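Following: one structure in structure tokens, then a few remarks.
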Amino acid sequence: MTELDDRFGRGSAKPVVAVFGAYGHTARFVTAELLERGWTPVLSGRDAVKLEAAAAAHPGVEWRIASVDDPASLDRAIAGTAAVINCAGPFGDTAPPLIEAALRAGIHYLDVTGETLVAMSTFDTYRDDPRVKEAGIVVAPVMAFYGALGDLLATVAMGDWPAADEISIAVALDSWHPTRGTVLAGQRRAGRRVVFSDHHLRVVAGDEPPPKGTWTFGEPFGTQDVVGQFSNADVVTVSRHLDTPRIDAFLNVAPLKDLGDPETKGPQAADAEGRSAQVFLVEVVVRRGDERRRVAARGRDIYAITAPIVVEAAERILTGRGRATGVVTAGEIFDAEDFLRSLPLEELSLGDE
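Quick note on the working numbering: the sequence shown kicks off at 10 and runs consecutively.
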């Protein structure tokens, strides 16, 4: 077995994967998921005290100080790894330098951003960058609850249809106690929304009020007041590979009160795994003429579910179960139904049961 085989996990060894921003809330779930699968995480970030504390929770795990302002430190942080998972926001600051570092090292890049504007920028900047394919790597942004789950569901719902008239993605949360990263991302977005209509993505100014309506969800939510034009990264990912002139994204109103609470304490652990009690439900409806296909996924804790999403994506990329290299979304690179069935969801309805 060669050193390259060992690094990429193609022999008996499991892959070595760098986790950047390793002391963040979501990153802790990602590290635990890697270790659960027998992988070797290498933790990195710019705050030495927080980084050492994060590593102390997993004796024997290596940690390396790195900053996005210091390319050489990023090179050292990912040296000898097969992929880097970026968990550090604001992602507008961290994604570009980490992608550049991944290109220099010839390793795969994944991130867990839900920042729609950053997702747009990443795809626009790197999708046609010849260096990505020349390096033979995958750049996989938004491999998270927002950006991947709805994209996978929409891909399954589209099925054998070559095109659809409309795709609607509706998210219901019973609460939303955001992490500090989510709060900062919202402040940077300043109310701007990304919408997709007439086959084009566009950014709507924050002073233009979003549309409102209702959506009848499955249990345990039922009929809910919702806001439309929800700035969901799924709008970006779905539009990249599914043929439709319109994508609508909705969020129920109830969690918006939590999201705007200046006194929020962030997610609170409610089980031994550190997951919160938050319940989510994502429903996708694909319409073609008078035909509609509806699929749904329900589970616990949007931050915790991100870990198996991004680590499963990394595993499939490293074991050759992705269908492409380059800058990709979950729905276009993976077998969407098989991927969804691999996740620890509480309920999955794909229209065939």
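All C-beta atoms, glycine included, are put in the ideal place defined by N, C-alpha and C.
For clarity, every value in this text was computed on a predicted model and none was experimentally measured.
Annotated three-state conformation of residue 82 is helix, per DSSP. Per the C-alpha coordinates, the member of 75, 31, 118 and 343 positioned closest to residue 50 is 31. Annotation: residue 176 is outside any alpha helix (DSSP H); the continuous beta strand (DSSP E) that includes it extends over 175-182. In terms of CA proximity to residue 145, 117 leads the group 320, 166 and 117.
The stretch 226-238 makes no contact with the stretch 268-275: fewer than 3 CB pairs, one atom from each, lie closer than 8 Å. Per DSSP, residue 23 has no beta-bridge partner at all.
Within the model, the alpha-carbon separation for residue 257 versus residue 176 is close to 6 Å. The alpha-carbon separation between residue 85 and residue 233 amounts to approximately 49 Å.
In the structure shown, the three-state DSSP call for residue 108 is helix. Between the alpha carbons of residue 96 and residue 122 lies a gap of roughly 7 Å. Here DSSP, grouped into helix, strand and coil, assigns residue 130 to helix. Excluding sequence positions up to five before and after residue 280, its CB lies less than 6 Å from no other CB in the same chain. The beta carbon of residue 285 lies closer than 6 Å to those of 276, 277, 279 and 310 in the same chain, with the five residues before and after it left out. Distances from the alpha-carbon of residue 169 to those of 295, 25 and 131 put 295 closest.
Here residue 210 has 129, 203, 204, 244, 245 and 248 as same chain residues with Cβ atoms under 8 Å from its own Cβ, once five neighbours each way along the sequence are excluded.
Counting only runs of at least 3 residues, the stretch 306-360 fully encloses the following beta strand (DSSP E) elements, listed from N- to C-terminal order: 356-358.
Per DSSP, residue 234 is one residue of the beta strand (DSSP E) stretching across 232-236.
The closest CA to that of residue 317, considering only 349, 303, 360 and 343, is found on 349. Residue 50 has 26 as its beta-bridge partners, per DSSP. A Cβ-Cβ separation of about 7 Å places residue 120 in contact with residue 94 under the 8 Å criterion. Rounded to the nearest angstrom, the Cβ distance from residue 136 to residue 336 is 5 Å, consistent with a contact under 8 Å. Burial state of residue 34 is buried, judged by a 10 Å Cβ sphere holding 16 or more other Cβ atoms.
In the structure shown, the three-state DSSP call for residue 226 is coil. Contact between residue 165 and residue 304 holds, since their C-beta atoms are separated by about 6 Å, short of 8 Å. Remark: C-beta atoms of residue 259 and residue 289 do not approach each other more closely than 7 Å. Residue 321 is not a Cβ neighbour of residue 358, given a cutoff of 7 Å. Counting along the chain, residue 292 sits inside the beta strand (DSSP E) bounded by residues 288-297. 7 Å or more divides the Cβ of residue 131 from the Cβ of residue 106. Ranked by how close their Cα comes to the Cα of residue 265, the residues 251, 293 and 235 have 235 in first place.
In the DSSP assignment, residue 94 is bridged to 28 and 119. Residues 46, 47, 48 and 49 of the same chain have their beta carbon placed closer than 8 Å to that of residue 23, with the five preceding and five following residues left out of the count.
The DSSP-derived three-state label of residue 300 is strand. For residue 60, the enclosing alpha helix (DSSP H) stretches over residues 57-65. It is roughly 37 Å from the alpha-carbon of residue 80 to the alpha-carbon of residue 347.
Counting the other Cβ atoms within 10 Å of the Cβ of residue 206 gives fewer than 16, which makes it exposed.
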